[in-house]
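Engineer:
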Amino acid sequence: MDTVSASITEHAPAAAHHHTAPTGWIRKYVFSLDHKVIGKQYLGLGLLAVCTGMALSWVMRYHLAWPDKAVPLLGLIAPKFAAGGVITPEFYLQVMTMHGTIMVFFVLTTAPFAGFGNFILPIQLGAEDMAFPRFNMMSFWVTFVAFAVLVAAFFIPDGPALSGWTAYAPLSAVGKASGPGEGLGQTLWAVSIAIFCIGQLLGSLNFIATTLDLRTKGMTFMRMPYSTWAWFITAIIALIAFSVLLPACVMLILDRVAGTSFFIPAGLVVSDTLQPHSGGSPLLWQHLFWFFGHPEVYIAIVPSFGIVSTILPVVCRKPHLGPRVLIGCMLAIAGLSYMVWGHHMFLSGMSPTSATLFSVPTLIITIPSAIVTLLWLGTVYGSKLRLTTAALFCLAFISVFVTGGLSGFFLSQPSIDTYLHGTYFVVGHFHFVMGVAAMFGIFAGTYFWFPKIFGRMMNETLGKWHFALTFIGVYATFMPMHWLGLTGNVRRYSSFPSDYMHGSLPLHRFITFSALFLGGAQLIFLVNLIWSRFRGPIAPANPWEASSLEWDTTSPPPFDNFGGVHPVVYHGPNEFGVASPRGDYVMQTDPPAAAAAV
Amino acid sequence: MGKLFAVAVTVITLISAALFVTHTWWLPPDISVLGRGIDGQITETMVFTGALFVAAQLALALFVWQSSDGVATRVIRSFPGGATFMVVFACAIVSIELVSLVFVGTKVWSSIYLDAAPANALHIDVQAGQFAFYFRYAGPDGKFGVPHPELIDEGNSNFFGLDPKNDTAARDDIISASLVVPVNQPVLLTMHSKDVGHSLFIPELRLQQDFVPGLVIPVHFTATGITKTEVVCTQLCGLGHYNMRAYVEVLSRDDFAKWLVDQAGQ
Chain U
31 MDTVSASITE HAPAAAHHHT APTGWIRKYV FSLDHKVIGK QYLGLGLLAV CTGMALSWVM
91 RYHLAWPDKA VPLLGLIAPK FAAGGVITPE FYLQVMTMHG TIMVFFVLTT APFAGFGNFI
151 LPIQLGAEDM AFPRFNMMSF WVTFVAFAVL VAAFFIPDGP ALSGWTAYAP LSAVGKASGP
211 GEGLGQTLWA VSIAIFCIGQ LLGSLNFIAT TLDLRTKGMT FMRMPYSTWA WFITAIIALI
271 AFSVLLPACV MLILDRVAGT SFFIPAGLVV SDTLQPHSGG SPLLWQHLFW FFGHPEVYIA
331 IVPSFGIVST ILPVVCRKPH LGPRVLIGCM LAIAGLSYMV WGHHMFLSGM SPTSATLFSV
391 PTLIITIPSA IVTLLWLGTV YGSKLRLTTA ALFCLAFISV FVTGGLSGFF LSQPSIDTYL
451 HGTYFVVGHF HFVMGVAAMF GIFAGTYFWF PKIFGRMMNE TLGKWHFALT FIGVYATFMP
511 MHWLGLTGNV RRYSSFPSDY MHGSLPLHRF ITFSALFLGG AQLIFLVNLI WSRFRGPIAP
571 ANPWEASSLE WDTTSPPPFD NFGGVHPVVY HGPNEFGVAS PRGDYVMQTD PPAAAAAV
Chain G
1051 MGKLFAVAVT VITLISAALF VTHTWWLPPD ISVLGRGIDG QITETMVFTG ALFVAAQLAL
1111 ALFVWQSSDG VATRVIRSFP GGATFMVVFA CAIVSIELVS LVFVGTKVWS SIYLDAAPAN
1171 ALHIDVQAGQ FAFYFRYAGP DGKFGVPHPE LIDEGNSNFF GLDPKNDTAA RDDIISASLV
1231 VPVNQPVLLT MHSKDVGHSL FIPELRLQQD FVPGLVIPVH FTATGITKTE VVCTQLCGLG
1291 HYNMRAYVEV LSRDDFAKWL VDQAGQ
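Keeping their order, the protein sequence lines are chains U and G. Residue numbers for the first sequence, in our numbering: 31 to 628. Residue numbers for the second sequence, in our numbering: 1051 to 1316.
The following block contains the structure:
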């Protein structure tokens, strides 16, 4: 299992690598054209972003549980915004805005799609690199600049934006008249997201072109691994979604700095001053934002569909149930994701008839989601599970996706949304279905592909401790948010002065303890990651006895991925539980005759 | 580890389900005509999704328990019916849900937003601004004065930008910081914002609606119980968002008439 397949054919001279291996440090590790380095850079950025986002969530949770107490160390870290560590209402909203923006854009989009996709997709296709390596490099560095611009807002006098990750106009559009955090910080937010869009458009084009053009011999569409299918579909979703968000952000910037009125109507009196705008529509921003925003949910989660569907057959040692149905469902989800954005706007004042029209496709999109979930369950059924840490995170992914998906049934109905909209029920729902599920996909992918990426194995004992504590912590943190929502507890409040919300404080404290516990569990992951990177056992080529092409080359792969040869593919990625010379599986490059021999 | 996982999933599922079923944390009592339909819809959805939640989680736990025994010789089994069964099952379940929830839910939604307010509805004009609600009653003449944004002056309590010097209808308009309504009488709110987006949420009335600058949004309700409760803002509107609230008082018709007279005399 550790040997590189002998069936790889010799490289044709004409197909030589289209850029040579770099020799200088800068070109090798910083401005690299190598998709593997760029993938690692994206994963590194995702790790930096998730640590930042998680630290911000601790600050929020601590303040919600003990609103009058100083947050430990915060007075030293951010004396300008939280003198003595006590958080002001506006700083709470700024922290919340940055938490949401960082997590959605720079973690959930960056890591599972751009990170793993960059490293793994070309190898799974049998290619030497992405179709446009320079665009690829540009994509990462543009994204990095976007992150730097966003975080720079912490270092300006007014601090970051406070209008939430959705940046609803006109709060986000009228400038600093609407309060602290709506000055330069909000402009930086819009500039950052516009830059981010450019990075993702470059990346998406690259993924699509690479998938269409650089598949190796024999790699038909139906032989592509599910993870590659998922990244390909995600790229299509992202290409359309970010194409809309980019001009929306430019319009927002123009409203703020150039006096235009795309999102600002006439007659607004902000801070006792009549605003010099007319003719704009706040609902236009909501439509443009959510036309991006709902597909963004699938940009975050579909890669994890692919990761889980790729890992499950490997750890179950049986073929994935209904591979064509699985791919069809992912495509259906991608298509339907553009017909449901209005369910975020049931109460926005748009036509009430539209609410019904948006509700139906929102419920219909649960059909492919339910089918995919059942296919995963059917794959686990009657299998021979190898309970690696990656396997455990895949199984837990199914659990949290079910939990988060089912709470979506409530919010997809306008009449129920009349009560639950704007409450913690929504927070619990999207953290399960989008945040935690995608994170579990990222964790599964990390434990699964770490040996391939770094050439060393991760520590499985630490991994299982990390998994167990994370799984419990996740449910303890996010399930109670549904109960808070049912009581009418409103989200985005820095404290709860309302009489009827006083009773929610004990539950908020429980959630805070759980969140801190959950955060502490991630330290195990960090230790494991760093220790394994330098001290982990050397990884063989195919430690999991998997079938796809990335396991048919060394760990880590050479610069051109397959050492100067082109793999030829004879099988799909799903051939497990079959008798073969390798044992119970067939690699994609195994010649038909060899695979048939028992 | 597989059996441990199965036990953890089962325990989490049963505890979560029990806390939903026992209504440990639940909606506040409903005091509105429309609330009955919404509560019924929530309960129906809770039963439906709750059954699916428990079934799916326990199936996952069972399959993991069975598949993780580590017996190397165990024969791999395919799921009975295969992918076809899964597709038919998912389509059937969601179709049932579509029929039972969407059509019933549409009726509830229509009664809130598509049916016009009854002709005898009390009309109250509501303005939201950072970080307060103001409620305007037409006064004895039954007419509202025309608001002028350029005349808004909170320092002089002209929250709506009225022009009583030139607009006779504006002279008797009653402005209140609380929403006061009579019990069992339909109420029509016309909602508008003077600055940024806000939202009006009264949990006991099962009523929530955004204010969108530039739009006047009508919404109607009928309160069925005498009470004093709160309206809060649920649309992020700036630093004071958490504290943007007002009281809602549902009075008997006599008490409401008296309150209106008292306010008109001030």
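We put the CB at the ideal spot given by N, CA and C, even for glycine. Treat the numbers as computed from the prediction; the structure is a model and nothing was measured.
Residues of chain G with CB closer than 7 angstroms to the CB of residue 509 of chain U, please, in chain order.
Structural biologist: Going along chain G in sequence order, the residues near residue 509 of chain U (Cβ under 7 angstroms) are 1066.
Engineer: Taking the alpha carbon of residue 1159 of chain G as the reference point, which residue from U/487, U/448 and U/477 has its own alpha carbon closest?
Structural biologist: U/448
Engineer: DSSP beta-bridge partners for residue 1239 of chain G?
Structural biologist: G/1174 and G/1269
Engineer: Around the Cβ of residue 1355 of chain G, are there at least 16 other Cβ atoms within 10 angstroms (buried) or fewer (exposed)?
Structural biologist: Residue coverage of chain G in this structure runs from 1051 to 1316, which leaves residue 1355 of chain G outside it and unanswerable.
Engineer: Excluding the 5 residues flanking residue 1297 of chain G on each side, which residues of the same chain have their C-beta closer than 7 angstroms to its C-beta?
Structural biologist: The answer, listed in chain order, is 1228, 1278 and 1280.
Engineer: Would you call residue 567 of chain U buried or exposed, if buried means 16 or more other Cβ atoms sit within 10 Å of its Cβ?
Structural biologist: Counting of Cβ neighbours within 10 angstroms places residue 567 of chain U among the exposed residues, the total staying below 16.
Engineer: If I follow the unbroken alpha helix (DSSP H) through residue 418 of chain U, where does it start and stop?
Structural biologist: It is not in any alpha helix (DSSP H) - residue 418 of chain U carries neither H nor E in the DSSP assignment.
Engineer: Closest by CA to residue 1231 of chain G, which one among G/1207, G/1173, G/1075 and G/1056?
Structural biologist: G/1173
Engineer: On the DSSP bridge assignment, give the partners of residue 1325 of chain G in chain order.
Structural biologist: For residue 1325 of chain G there is no data in the structure shown, the boundaries of chain G being 1051 and 1316.
Engineer: Going by alpha carbons, who is nearest to residue 525 of chain U out of U/99, U/290 and U/216?
Structural biologist: U/99
Engineer: Quick one: is residue 1079 of chain G near chain U, going by C-beta distance under 8 angstroms?
Structural biologist: no
Engineer: Counting only runs that start and end within the stretch 48-77 of chain U, where is the alpha helix (DSSP H) found for 4 or more residues in a row?
Structural biologist: none
Engineer: In chain U, which residues lie less than 8 angstroms from residue 1091 of chain G when you measure between Cβ atoms?
Structural biologist: The contacting residues are 443, 445 and 446.
Engineer: Would you mind listing the alpha helix (DSSP H) stretches within the stretch 232-288 of chain U that are 4+ residues and don't spill past its ends, in chain order?
Structural biologist: 256-287
Engineer: For residue 1277 of chain G, does the three-state DSSP call read helix, strand or coil?
Structural biologist: strand
Engineer: Can you name the start and end residues of the alpha helix (DSSP H) that residue 1108 of chain G belongs to?
Structural biologist: 1085-1117
Engineer: Determine the chain U residues that contact residue 1263 of chain G at a beta-carbon separation under 7 angstroms, and present them in chain order.
Structural biologist: 200, 295, 298 and 312
Engineer: Could one say the Cβ of residue 1075 of chain G lies closer than 8 angstroms to chain U's Cβ atoms, at least one of them?
Structural biologist: yes
Engineer: Give the residues of chain G in contact with residue 120 of chain U, contact being defined as C-beta atoms less than 7 angstroms apart.
Structural biologist: 1289
Engineer: Can you find a CB in chain G that lies within less than 8 angstroms of the CB of residue 477 of chain U?
Structural biologist: no
Engineer: Could you tell me the distance, in whole angstroms, from the CA atom of residue 1066 of chain G to the CA atom of residue 522 of chain U?
Structural biologist: 25 angstroms
Engineer: Step through the CB atoms of chain U and report whether any lies within less than 8 angstroms of the CB of residue 1128 of chain G.
Structural biologist: Yes, its Cβ sits closer than 8 angstroms to a Cβ of chain U.
Engineer: If I follow the unbroken beta strand (DSSP E) through residue 1297 of chain G, where does it start and stop?
Structural biologist: 1295-1301
Engineer: To the nearest angstrom, how far is the alpha carbon of residue 208 of chain U from that of residue 190 of chain U?
Structural biologist: 14 angstroms
Engineer: Around the C-beta of residue 1314 of chain G, are 16 or more other C-beta atoms found within 10 angstroms, so that it is buried, or is it exposed?
Structural biologist: exposed
Engineer: Under the DSSP definition of a beta bridge, which residues are partnered with residue 1208 of chain G?
Structural biologist: G/1203
Engineer: For a minimum of 4 consecutive residues, which ranges assigned as the alpha helix (DSSP H) are wholly contained in the stretch 383-441 of chain U?
Structural biologist: 396-410 and 419-441
Engineer: Just to confirm before moving on: does the CB-CB distance between residue 1204 of chain G and residue 302 of chain U stay below 8 angstroms?
Structural biologist: yes
Engineer: So the beta strand (DSSP E) residue 1186 of chain G belongs to, where does it begin and stop?
Structural biologist: In the DSSP assignment, residue 1186 of chain G falls within the unbroken beta strand (DSSP E) covering 1182-1187.
Engineer: Under the assumption that residue 426 of chain U contacts residue 470 of chain U (Cβ atoms under 8 angstroms), give the Cβ distance between them as a whole number of angstroms.
Structural biologist: Confirmed, Cβ separation roughly 5 angstroms.
Engineer: Once DSSP output is grouped into helix, strand and coil, what is the label at residue 614 of chain U?
Structural biologist: strand
Engineer: Using the three-state DSSP reduction, which class does residue 129 of chain U fall into: helix, strand or coil?
Structural biologist: helix
Engineer: Where does the unbroken beta strand (DSSP E) through residue 1224 of chain G begin, and where does it stop?
Structural biologist: 1224-1226
Engineer: I think residue 410 of chain U touches residue 1113 of chain G, with their Cβ atoms under 8 angstroms apart; what is that distance to the nearest whole Å?
Structural biologist: 4 angstroms
Engineer: Give me the Cα-Cα distance between residue 596 of chain U and residue 118 of chain U, rounded to the nearest whole angstrom.
Structural biologist: 60 angstroms
Engineer: Taking all protein chains shown into account, do 16 or more other C-beta atoms lie within 10 angstroms of the C-beta of residue 651 of chain U, making it buried, or fewer, making it exposed?
Structural biologist: Nothing in the structure corresponds to residue 651 of chain U, since chain U is present only between 31 and 628.
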